[in-house]
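Residue numbers (this note's numbering): 189 to 368.
Built from N, CA and C at the ideal position, the CB exists for glycine as well.
Take a look at the structure set out below.
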């Protein structure tokens with residue numbers, strides 16, 4: 189909103205001199221982390237609060253069956269969505285993946301002008317039975333994809349795209365924007 193007149197300590201006259209310092213601060217929501225040109229913006233953390241048993245690892249986020257993952261991401265609005273398989277593949281193609289043995293997960297770092305941008309995907313395990321029990325914590329990273337109700341990207345020594353049952357609970361990393 190434009191300000192036409194500012195009144196400080198009474199009326200200003202031609203004989204009155206005053207110094208006014210104005211600082212304008214724009215507060216915006218973070219877009220996320222962009223890792224390659226025309227790529228989506230990746231959220232900086234996994235979706236959801238971890239189950240009480242894993243509260244000491246907030247980076248894990250919650251595990252989601254496909255329908256639940258899609259619904260939770262849609263609730264966030266602001267253009268957030270599940271990544272496509274093509275975006276997961278582009279992450280592999282456009283970034284350097286480094287396993288962190290201490291933090292147990294992969295750091296994906298952009299290249300070129302994006303080399304200062306990175307995201308960490310923790311090996312938060314998975315739940316193959318949909319009953320609330322995490323398996324292979326610190327060993328595997330299984331993340332939901334938006335393409336097909338049961339597609340995912342996974343890391344357990346090798347990075348690959350896979351297929352699993354839609355009721356299996358996996359980690360979710362959301363994106364916004366598009367590479368297309």
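Is the CB-CB distance between residue i and residue j below 9 Å?
{"i": "residue 362", "j": "residue 320", "result": "no"}
{"i": "residue 305", "j": "residue 219", "result": "no"}
{"i": "residue 288", "j": "residue 308", "result": "yes"}
{"i": "residue 236", "j": "residue 360", "result": "yes"}
{"i": "residue 283", "j": "residue 265", "result": "no"}
{"i": "residue 255", "j": "residue 334", "result": "no"}
{"i": "residue 300", "j": "residue 365", "result": "no"}
Under three-state DSSP, which class holds residue i?
{"i": "residue 293", "result": "strand"}
{"i": "residue 248", "result": "helix"}
{"i": "residue 281", "result": "helix"}
{"i": "residue 266", "result": "coil"}
{"i": "residue 325", "result": "coil"}
{"i": "residue 352", "result": "coil"}
{"i": "residue 212", "result": "A caution first: residue 212 carries a pLDDT of 48, below 50, which makes its placement in the model too unreliable to give a value."}
If residue i and residue j are in contact, beta carbons under 8 Å, what's the gap, nearest whole angstrom?
{"i": "residue 272", "j": "residue 286", "result": "So it is not a contact: roughly 24 Å between Cβ atoms."}
{"i": "residue 332", "j": "residue 257", "result": "5 Å"}
{"i": "residue 274", "j": "residue 292", "result": "No, residue 274 and residue 292 are not in contact; Cβ-Cβ is about 27 Å, not under 8 Å."}
Could you tell me which residues DSSP pairs with residue i in its beta bridges?
{"i": "residue 308", "result": "295"}
{"i": "residue 229", "result": "222, 364"}
{"i": "residue 317", "result": "Partner(s): none; residue 317 has no beta bridge."}
{"i": "residue 129", "result": "Limits of the chain in this structure are 189 at one end and 368 at the other, which puts residue 129 out of reach."}
{"i": "residue 358", "result": "252"}
Okay, do the segment 243-254 and the segment 314-333 touch, 3+ Cβ pairs below 8 Å being the bar? yes
Three-pair Cβ contact test at 8 Å for the segment 223-235 versus the segment 277-284: yes
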